[in-house]
Amino acid sequence: MIAGGVTAGSALGDAQAAAEPAPTSRVALTVNGTRRTVTVDNRTSLLDLLREHFGLTGSKKGCNAGACGACTVLVDGQRVNSCLTLTVRLEGAEVTTIEGLADGDELHPLQQAFIEQDAFQCGYCTPGQIMSGVGCIKEGHTGSPEEIRESMSGNICRCGCYVKIVRAVEQTAGRK
Amino acid sequence: MHPFDYTRVSDTREALNAGRRGGRYIAGGTTLVDLMRETVERPGALVDISDLPLREVTVTERGGLHIGALVRMAEAAAHPKVRTLYPVISEALELSASAQLRNMATIGGNIMQRTRCTYFRDVTADCNKREPGAGCAALHGYNRTHAILGTSDHCVATHPSDVAVAFAALEATVHVLGPDGERTVPFADFLLLPGHTPHREHALRNGELITAVEIPALPRPLRSGYLKVRDRQSYEFALTSAAVALHVRGGVIREAKVAVGGVGTVPWKLPAVERHLVGERPSDALWEAAASRAADGARPLAHNRFKLELLQRTVERQLRIVGGTK
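Written as C-alpha cells, this is what we have:
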C-alpha cells in the first residue's frame, strides 16, 4: 500500500508543514467485529481513530506515550498500546476494545470480576486494565499474584486498586 | 507530529529502495511514534517493514542463535530455544518495558531505540544528540539517571536497552542488509560512543536494514542471567543492570561474559571483570574481587555518584546468582 500526498521533509518549518495538506491513507480494518473503511491522516493513532472517528471512548488517553496503559486494546488478539499504534499500519487488522468485550448484555467474565472484586474507584484506567487483563490471562501469566502484578505493570492505577485488580484477574483465570 | 508519507513494503528489495530514497524504517514503532509525537523525530516518510520475512528464531549450525530483526520482544523472550540456551536474553527481555510494549517492539528496533534522557526528549532543552552543537543540558542539569561510563563532554545519555546488554555480554553480531549487499557488524562496534558526535549512534549506513542478531555458540554447560536494579520493581529503566554468563568445568571458570547497563552511553562490556574470573574457582571472595573492577574508569556526575557502588554490588550479586557460592 502506498499512501499518496505530499512529502513533508524534516527541513520544513512548522508553519510551512501546517500549510500543506498532510498525507492521508485509506485503511480497512475490523473493530469489534464490524468491518470499517476509513481515510485518515497518516498521523492518526489507533486511539484517536477509536475515540474521535468511531466514538468509542472507552479506551482512554492517559499519557499518550505508552507509559500508562489506559489505551490498551487487542490488535489481532494481542494487547497493545493504541496510542503508539498508527492507524495507517492496521490494514486488515482485527481490533477489540472494551466496547466489544461483552456478549450482548452478558459481561465478559473479567468485567464481572472487576465488579465483584470492587477493582476500581474512579474507573479511568479500568478499560485499559480489563483489556490488559484479558491479554494477561490469554498469555498465561497468571500463575501467582506476583506473576499477575508483573504482567499487568504496564497499567497504572492512580487510585491504587492494584490488590483488587490482581484478584479480579486471578478469579477470571481460575474459572477458565 | 509532523506529516509523513507512508509505504508498506513486502520484500527487502522494496524496503532498501524506499530506504535509499530517505524513508525511515518502522517496525514496532514504540520509540519512533512516541518521539515523532514529541517532534524529536521528524521523518518525512515511513517505510513499514512489518511484512518482511525476518521473524524466525533459529539455532545456527554451530549451536548459536539467529534472531530475526522483526521477532517481537515477547516472542523472543518466550521462545524455547532462547530460554534454554541463553536465559540471560529471556530475562533481559522480560524485565523490559511492559507486556503491551513487548508485544509490539522488535529485536531490531530494541537495539535502535533512542535514549530516555529527558533533555533529549524535550525539544526546548539543549541536546547535542538532537541538535549537534547545541550543548548538553544534562551535563550540569539533573543527571541522576545518566551515564558514568563512556561519556564525553558532549553527551552523558545512557543507552536504555536491556537486551542489548545481554547481546554485548554474549558478543553478538548484527546482520545488516544494504544496497551493496549483506554484512555483519560485531555488537561491540554497532553502537557508537558519543565522543564529539553524539548524534551518530550506530554503525548503519544510509538505507541499511538490520535483518538479524546472531548469538555465537558458547561452551556448555553455560549458566547465564540478567539482574536489573531500578527505582520501581517493574516497568522502569535500569539504574544499573548486569548480564552474566559463566562456563564452569571441573570446578574452574573457563569462560566469563559480563556486561552492564544503565551506566554506559552504550551497553558496557567489562573485560577486566571477565579476566579476573577466568581460571579461578567460584567463591564469594572471587565475586567480590571481580566486581570491584566493575566501575573502573567511571566518571560520575553531580547526581549519580551512587551508581559507582550500586554497579559493583549489582555485578557481585549477579555473579553469585549465576555462579553460585562455594
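Residue numbers (our numbering), protein chains in the order written: chain X, 872 to 1047; chain Y, 1029 to 1354. Beta carbons: idealized from backbone N, C-alpha and C, even for Gly. Quick caveat, the model's predicted, so the values are computed rather than measured.
Asked: Please report how far the alpha carbon of residue 1007(X) lies from the alpha carbon of residue 1163(Y), in whole angstroms.; Found: 44 Å
Asked: Go through its chain and collect everything with a Cβ distance to residue 941(X)'s Cβ below 6 Å, but skip five positions before and after it.; Found: 931, 933, 996, 999
Asked: Give the secondary structure of residue 1188(Y) by DSSP, where H, G and I count as helix, E and B as strand, and everything else as coil.; Found: coil
Asked: Can you tell me which of the three DSSP states residue 935(X) falls into?; Found: coil
Asked: At a CB distance below 8 Å, what residues from the segment 892-914 of chain X approach chain A? Give them in sequence order.; Found: The structure shown contains no chain A; its protein chains are X and Y.
Asked: Which same chain residues, not among the five before or five after residue 1270(Y), have their C-beta less than 6 Å away from its C-beta?; Found: 1255, 1288, 1342, 1343, 1346
Asked: Run through chain X and tell me which residues come within less than 7 Å of residue 1262(Y), C-beta to C-beta.; Found: 1021, 1024
Asked: Closer than 8 Å, Cβ to any Cβ of chain Y: which residues of the segment 928-953 of chain X, in chain order?; Found: 935, 936, 937, 940, 943, 949, 950, 951, 952
Asked: Spatial neighbours of residue 1091(Y) within its chain, please: CB distance less than 7 Å, with the 5 preceding and 5 following residues excluded, ordered by chain position.; Found: 1245
Asked: Can you check which of these residues, 1037(Y), 1296(Y), 1353(Y), 1175(Y), is closest to residue 1312(Y) by C-alpha distance?; Found: 1353(Y)
Asked: On the three-state DSSP scale, how would you describe residue 1010(X)?; Found: helix
Asked: Please list the segments of the alpha helix (DSSP H) lying wholly inside the segment 1057-1128 of chain Y, counting only runs of 4 or more residues, in order along the chain.; Found: 1060-1065, 1101-1106, 1108-1113, 1115-1122
Asked: Of all Cβ atoms in chain Y, is any one closer than 7 Å to the Cβ of residue 959(X)?; Found: yes
Asked: Can you list, in chain order, the residues of its chain with a C-beta nearer than 7 Å to that of residue 1052(Y)? Leave out the 5 residues immediately preceding and following it.; Found: 1071, 1073, 1074, 1075
Asked: Restricting to Cα atoms, I'd like to know which of 988(X), 912(X), 966(X), 969(X) is closest to residue 959(X).; Found: 912(X)
Asked: Assign residue 1030(X) to one of two classes, buried (16 or more other C-beta atoms within 10 Å of its C-beta) or exposed (fewer than that).; Found: exposed
Asked: Determine, using beta-carbon pairs with one atom in the segment 1089-1103 of chain Y and one in the segment 1124-1138 of chain Y, whether at least three such pairs fall under 8 Å.; Found: yes
Asked: Specify, as a first and last residue, the run of the beta strand (DSSP E) that residue 995(X) falls within.; Found: Neither: residue 995(X) is in no beta strand (DSSP E) and is coded neither H nor E.
Asked: Answer with yes or no whether the minimum CB distance from residue 1076(Y) to chain X is below 7 Å.; Found: yes
Asked: So is residue 1189(Y) buried or exposed if we call it buried at 16+ other beta carbons inside 10 Å?; Found: buried
Asked: By alpha-carbon positions, which one of 1117(Y), 1056(Y), 1068(Y), 1322(Y) ends up nearest to residue 1291(Y)?; Found: 1322(Y)
Asked: Under a three-way DSSP split, which group does residue 1003(X) fall into?; Found: helix
Asked: Which two residues bound the contiguous beta strand (DSSP E) that contains residue 1034(Y)?; Found: 1033-1036
Asked: Under 6 Å Cβ to Cβ from residue 881(X), same chain only, skipping five residues before and after it: list those, please.; Found: Below a pLDDT of 50, predicted positions are generally treated as unreliable, and residue 881(X), at 39, falls in that range; the measurement from the model is reported next regardless. Nothing listed; no residue qualifies.
Asked: Taking Cβ-Cβ distances below 7 Å as the criterion, which residues of the segment 1116-1138 of chain Y are in contact with chain X?; Found: 1126, 1127, 1128, 1129, 1131, 1132
Asked: Using the Cβ count rule (16 or more neighbours within 10 Å means buried), how would you classify residue 1196(Y)?; Found: buried
Asked: Which residues, in chain order, does the segment 1044-1062 of chain Y contribute to contact with chain X at a C-beta distance below 7 Å?; Found: 1057, 1058, 1061, 1062
Asked: Sort out for me which residues DSSP pairs residue 1180(Y) with in a bridge.; Found: 1183(Y)
Asked: Spell out whether any CB of chain Y is found under 7 Å from the CB atom of residue 955(X).; Found: yes
Asked: With 7 Å as the threshold, decide whether the Cβ of residue 1195(Y) is near any Cβ in chain X.; Found: no
Asked: Does the Cβ-Cβ distance between residue 937(X) and residue 955(X) come in under 7 Å?; Found: yes
Asked: Listed in chain order, which residues of the segment 1168-1192 of chain Y have Cβ atoms closer than 9 Å to some Cβ of chain X?; Found: none
Asked: Please report how far the alpha carbon of residue 1259(Y) lies from the alpha carbon of residue 1034(X), in whole angstroms.; Found: 20 Å
Asked: Given that a residue counts as buried once 16 or more other Cβ atoms are within 10 Å of its Cβ, and exposed if not, what is residue 1261(Y)?; Found: exposed
Asked: When DSSP builds the beta bridges, which residues end up paired with residue 1301(Y)?; Found: Paired residue(s): none; residue 1301(Y) is not in a bridge.
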